[in-house]
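The sequence shown maps to residues 1 to 333 in full-length UniProt numbering.
The structure appears right after this line, and notes come after that.
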Amino acid sequence: MAVTSHDVARLAGVSQPTVSRALRDDPRVSEATKHRVREAVNQLGYVPIEAGRALSSGRTRRIGLLVTDLDNQFYSHIIAPTHRELERLGYQLLLHTESADSETIADRLIANGLDGVILATTTAESVAPLRLHDRGVPFVYFNRTAAAVDADSTVVSPVNGLTAAVTRAVDLGHRRIGAILGPSNTSTAQGREVALRTALAEHGLALEPDYVRRGPFDTESGALSTASLLALPHPPTVIFCGNDVVAYGALNAARGAGVPVPDGISIIGFDDLPPASWPILELTTIAYDLVGMASAAAGLITRRIEQPDAPISHIQFETSFVERGTLAAPAAR
1 MAVTSHDVAR LAGVSQPTVS RALRDDPRVS EATKHRVREA VNQLGYVPIE AGRALSSGRT
61 RRIGLLVTDL DNQFYSHIIA PTHRELERLG YQLLLHTESA DSETIADRLI ANGLDGVILA
121 TTTAESVAPL RLHDRGVPFV YFNRTAAAVD ADSTVVSPVN GLTAAVTRAV DLGHRRIGAI
181 LGPSNTSTAQ GREVALRTAL AEHGLALEPD YVRRGPFDTE SGALSTASLL ALPHPPTVIF
241 CGNDVVAYGA LNAARGAGVP VPDGISIIGF DDLPPASWPI LELTTIAYDL VGMASAAAGL
301 ITRRIEQPDA PISHIQFETS FVERGTLAAP AAR
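Here it is, written out as structure tokens:
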């Protein structure tokens, strides 16, 4: 005969509702009681039935994380910390990828019976925030935001990191500044471009149109854009990349063109993903607490679910400049 929560309650000496609350880590239950319940669960081999929980609470305790492309290394580094924090808070993470048909993604998210959604793919044209808002499904912006709907968010402030990076590049003697910017319909690309242009202007410099490329935040964009920049009669001496993944492509293109980094071209990324510090890359980049940002998003979405009337919270993570081996003074020409 299957062990039930009533069996756990009898062994732990508490009521059945207390067992349910203890297993949800409800703060109204004392730590001593939670310990007794967990001991009873382990002794009896009790396995909570999630469907029963959902029926009794009206919640599935499932959170969706919407990403664009599982091949993009940026997303692979946020899945684990988001999962860990949601699990700690008593929720499950369900991963969703956004197809080219953005009109259906919101419907698919809603159809999955999610308690809430973390949006990591938002663009200016995204319909998901509007659809989720209209259907009353809680959501949080991660990294990117949209002006159409105000909601909880965890974002990066690029100003400090890019200001320091530009100052260092200028001090080294760089004057021909290249940039591979992300998609202009994303808040991240817009914010980083403004911060970069502002920092250059403080030194009397500007991004010349011939030295600017735009494209997706992926390695192919970095490679193609860098090859194009290096083919110019007077190529830039340093390239600021929209993110580290773009910078990986830039490094590959420079290597393929026989241009040494940093002696022939300097490359600067953004995000400070774990591989950026590997000895084989030693990528100079802009850093922030990516793990902390993912954990904060998990905290925001669970708070929004449990406290739907709480004030909207915008958490901003500051950036810093990390100098490694891909930045040096420009070669004399």
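Note that CB positions come from ideal geometry on N, CA and C, so glycine has one too.
Treat the numbers as computed from the prediction; the structure is a model and nothing was measured.
Supposed contact pair L181 and R197 - C-beta distance, whole angstroms, cut 8 Å = Not quite, the Cβ-Cβ distance comes to about 10 Å (not below 8 Å), so this is no contact.
In terms of alpha-carbon separation, which member of L130, T82, S20 and S225 lies closest to I301?
-> T82
Tell me, which residues are paired with V41 by DSSP?
-> Note: V41 sits in no beta bridge, so no partner.
V156 by DSSP, collapsed to three states: which one?
-> strand
Buried or exposed for A250, please, with buried defined as at least 16 other CB atoms from any protein chain shown within 10 angstroms of its CB.
-> buried
Three-state secondary structure (DSSP) at E318?
-> strand
Could you tell me which of A331, I78 and Q190 sits nearest to A179, measuring between CA atoms?
-> Q190
For I305 versus P138, is the C-beta distance shorter than 7 Å?
-> yes
For R61, the nearest candidate out of H77, R24, N185 and S266 (CA to CA) | R24
By the 10 Å Cβ neighbour count, where 16 or more other Cβ atoms means buried, how is I267 classified, buried or exposed?
-> buried
Span of the alpha helix (DSSP H) around L229 = T219 to L230
Is the stretch 211-224 touching the stretch 69-78, taking contact as three or more C-beta pairs under 8 Å?
-> yes
Using the DSSP secondary-structure output, state which residues sit across from R213 in a beta bridge.
-> I180
Between V259 and V149, what straight-line distance do the alpha-carbon atoms span, to the nearest angstrom?
-> 45 Å
Can you check whether the CB of N160 is closer than 7 Å to the CB of T319?
-> yes
Would you call D244 buried or exposed, if buried means 16 or more other Cβ atoms sit within 10 Å of its Cβ?
-> buried
Taking all protein chains shown into account, decide if E31 is buried (16 or more other Cβ within 10 angstroms of its Cβ) or exposed.
-> exposed
Boundaries (first-last residue) of the alpha helix (DSSP H) holding V291 = L290 to E306
Where does T145 fall in DSSP's three states?
-> coil
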